[in-house]
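J.: Mind looking over this structure? Questions follow.
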């Protein structure tokens, strides 16, 4: 059965890639007020999602997003063979409590803000490998649970650096299917831990840009493609600072992506009116932007193919306090209109 | 290419399962003094592994174990297409800093103490699906980094309940290969989040036993096998309390596994002399026992086939402090002598 599907150093080209059968996203009030507001499946005004703690709120956000996805697709949880899911909290707390009710065999994953790329990659490999007909891929983040984990309690009212990003309250979920849907995953490029030695945890765009550059560079060279092969090359949450660095690094490696690059963190908030400094972040940023604006553009064939490359800062509150660097990782997924 | 390989509700039977080409384990001094001491590849006396913090120590433990594995197998990092790896620390800190130097495309995973089962499952799917010829599967834990995260700083000298387990300082790493080795992975059963509502974080064996029972029950019924089909059914770190509960639950469901059950947490320490109460735990417990005693028994054909079922308590320090339950998950992997 080992008909080899891999190409180059770190990519897979699917001979029979899975379909994106349905998708759904839920975001918070601030994200709903941003430029992409009309594309989200649901906007929830109550940041607590009816719960008592921020962690329970993020679990409820995940659970609700899956419920929306099931309603949209008409599929029941027992028809879904596996879930690949994760979040930013220690020990994947939001996932452990958010998905329990669905009883779907679970592979918990952690790729920081690249998690939706990792989930889509593994879910696609699972279906294309003949291991399942339907697989769920999901990632979430919540502004308040992330601020509490990685920065300062909100009550402190700490000032934020201009290079800092704003964690998105959002969840995106995709149901991949072996036989029908409006788009297909046709390839992936899996990232490596990339560490340029930066230690500034408030400047995650700069910390993650080298990882995005590494994955995009290897993707283009593994597949022998030029940047303009894609309608868009879409990073997750580099923000304005990280975008500049990414484009600069890739130029030195011979690729100019400036005409096709887009960053979910830049798109999801209005920098002029929403006070979000360098842009949005969190694994819910790229996941909710994918499961709204991006897949909508593909569905209506405004874009025929994109490279989705969410980026993660492999940062823990403990590692940062112990003076460690902030390595990055980025996972690339090719999505094409059907 | 969708030649379906899945069977039953949550299992895969590999038509061409990957080989265990090489394995290695490193443990700390206390584990080295236990009953399995002679089987580990290396025992390190210095719990800091030459580093300055417990987290750096666990990263060094991972990095060293991979180095041993590479030496044993004669393979270079660039020959390994993917790594599936994880640990117990928030945001997979030990993995992010422990594996960076090898530059292997990484899928970070989190299944609490079931992580080695999750890593082996995904690595096997990856090779059997034709996506790679060589994949690394790895998990680690460290007594001091885990105590600091989940319990009390060691300096407090807190007393431990009799039902509590002792986190193993250990790492196990396996190199899976598409064509040669002394054992094969022939099937997997992926676990679901199982929550009986227990909140006693010091009694993780009781919290995880229902998940182990669910996975073992579904495994046996998916494959249509009786418990004595296996020479051993091996859980990860249920300890003495969890073992009793597991055997009882499965008896009520019609399976008596008492003659073939073994638990890594019970085997790795001597309850009479090592003061470890209910047994060993941590994802390094099952990973290091697998990559020493267990694979050695299979290699010399003392056991022809086993079901390896590490169990995880989906516990975070925050969720425990917020009064949440402790759900469990368990991932089953069938390993057969060649």
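Chains as they are written, first to last, in the numbering used here: chain A, 1 to 338; chain B, 339 to 676.
Glycine included, each C-beta is placed from N, C-alpha and C at the ideal position.
Are residue 168(A) and residue 143(A) touching if we call contact CB-CB under 8 Å?
T.: Cβ atoms of residue 168(A) and residue 143(A): closer than 8 Å.
J.: With three or more C-beta pairs closer than 8 Å as the rule, is the segment 97-110 of chain A touching the segment 224-239 of chain A?
T.: Counting Cβ pairs under 8 Å, fewer than three are found: no touch.
J.: Would you mind sorting residue 62(A) into buried or exposed? The rule is 16 or more other CB atoms within 10 Å of its CB.
T.: Counting Cβ neighbours within 10 Å, residue 62(A) comes out buried, since at least 16 surround it.
J.: Out of 318(A), 79(A), 173(A) and 322(A), which one is the CA nearest neighbour of residue 428(B)?
T.: Nearest option by C-alpha distance: 318(A).
J.: Which residue marks the beginning of the beta strand (DSSP E) containing residue 601(B), and which one marks its end?
T.: Segment 599-601, the beta strand (DSSP E) holding residue 601(B).
J.: Spatial neighbours of residue 410(B) within its chain, please: CB distance less than 7 Å, with the 5 preceding and 5 following residues excluded, ordered by chain position.
T.: Excluding positions up to five away in sequence, the list reads 360 and 362.
J.: What's the call for residue 586(B), buried or exposed, on a 16-neighbour Cβ count within 10 Å?
T.: Exposed.
J.: Excluding the five sequence neighbours on either side, which residues of its own chain have a C-beta within less than 7 Å of the C-beta of residue 382(B), listed in chain order?
T.: Here the set comprises 364 and 366.
J.: Residues of the segment 340-371 of chain B with a CB closer than 7 Å to any CB of chain A: list them in chain order, please.
T.: Against chain A - using a Cβ distance shorter than 7 Å - the residues of the segment 340-371 of chain B are 340, 341, 342, 343, 344, 348, 350, 353 and 354.
J.: Beta-carbon of residue 336(A) versus every beta-carbon of chain B: anything under 8 Å?
T.: So no, residue 336(A) is outside the interface.
J.: Which same chain residues, not among the five before or five after residue 2(A), have their C-beta less than 6 Å away from its C-beta?
T.: With a pLDDT of 45 at residue 2(A), under the threshold of 50, the modelled position of that residue is not reliable, and no figure is offered here.
J.: Please classify residue 492(B) as buried or exposed, where buried requires at least 16 other C-beta atoms within 10 Å of its C-beta.
T.: Residue 492(B) is exposed by the Cβ-count criterion.
J.: Please name the residue in 213(A), 132(A), 55(A) and 218(A) whose C-alpha comes closest to that of residue 251(A).
T.: Answer by Cα proximity: 213(A).
J.: Residue 193(A) versus chain E: which residues are under 7 Å apart at the beta carbon?
T.: Protein chains in the displayed structure are A and B, and chain E is not among them.
J.: Along the chain, where does the alpha helix (DSSP H) containing residue 585(B) start, and where does it finish?
T.: First-last of the alpha helix (DSSP H) with residue 585(B): 577-590.
J.: Closest Cβ-Cβ distance between residue 175(A) and chain B: below 8 Å?
T.: For residue 175(A), the answer is no, since every Cβ of chain B falls outside 8 Å of its Cβ.
J.: Cβ closer than 8 Å: which chain B residues qualify as neighbours of residue 190(A)?
T.: Ordered by position in chain B, the residues that pass the 8 Å Cβ test against residue 190(A) are 420, 443, 444 and 445.
J.: Give the DSSP bridge partners of residue 232(A), in chain order.
T.: DSSP lists 306(A) as partners of residue 232(A).
J.: Could you spell out where the beta strand (DSSP E) holding residue 674(B) opens and where it closes?
T.: It spans 670-675 - the beta strand (DSSP E) in which residue 674(B) sits, taken as one unbroken run.
J.: Is residue 211(A) close to chain B? Criterion is C-beta to C-beta, closer than 8 Å.
T.: No, no contact with chain B.
J.: Output, in sequence order along the chain, the residues in the segment 304-319 of chain A whose CB is closer than 8 Å to any CB in chain B.
T.: Listed by position, the residues of the segment 304-319 of chain A near chain B (Cβ gap below 8 Å) are 314, 315, 316, 317, 318 and 319.
J.: Would you mind sorting residue 30(A) into buried or exposed? The rule is 16 or more other CB atoms within 10 Å of its CB.
T.: Buried, by the Cβ-count rule.
J.: Does any residue of chain B have a CB that is nearer than 8 Å to the CB of residue 284(A)?
T.: So no, residue 284(A) is outside the interface.
J.: Measure the Cβ-Cβ separation of residue 289(A) and residue 36(A) and say whether it is below 8 Å.
T.: Yes, the Cβ-Cβ distance between residue 289(A) and residue 36(A) is below 8 Å.
J.: Which residues in the same chain have their Cβ closer than 7 Å to the Cβ of residue 639(B), if we skip the five residues on either side of it in sequence?
T.: Hits under 7 Å: 675.
J.: Is there at least one Cβ from chain A nearer than 8 Å to residue 469(B)'s Cβ?
T.: So, interface residue.
J.: Below 7 Å CB to CB, which residues in the same chain sit around residue 462(B) once its five sequence neighbours on both sides are set aside?
T.: Only 352, 355, 356, 514, 523 and 526 meet the Cβ criterion.
J.: Classify residue 134(A) as helix, strand or coil using the three-state DSSP reduction.
T.: If DSSP states are grouped into helix, strand and coil, residue 134(A) belongs with the strands.
J.: Which parts of the segment 88-129 of chain A are runs of the beta strand (DSSP E), unbroken and 3 residues or longer, counting only runs that do not cross its ends?
T.: Qualifying beta strand (DSSP E) stretches, in chain order: 106-108.
J.: From what residue to what residue does the alpha helix (DSSP H) around residue 29(A) run?
T.: It spans 29-32 - the alpha helix (DSSP H) in which residue 29(A) sits, taken as one unbroken run.
J.: If I follow the unbroken beta strand (DSSP E) through residue 420(B), where does it start and stop?
T.: Run containing residue 420(B): 420-424, per the beta strand (DSSP E) assignment.
J.: Considering only C-alpha positions, which residue in the set 140(A), 70(A) and 129(A) is nearest to residue 339(A)?
T.: Chain A is shown only over 1 to 338; residue 339(A) falls outside these bounds and no answer can be derived.
J.: Could you tell me which of 468(B), 384(B), 432(B) and 349(B) sits nearest to residue 6(A), measuring between CA atoms?
T.: It is 468(B).
J.: Below 8 Å between beta carbons: does that hold for residue 669(B) and residue 349(B)?
T.: No; because the gap between Cβ atoms is not below 8 Å, this pair is not in contact.
J.: Any C-beta of chain A sitting closer than 8 Å to the C-beta of residue 534(B)?
T.: Not an interface residue.
J.: Go to residue 406(B), then tell me how far its alpha helix (DSSP H) extends in each direction, as first and last residue.
T.: It spans 392-411 - the alpha helix (DSSP H) in which residue 406(B) sits, taken as one unbroken run.
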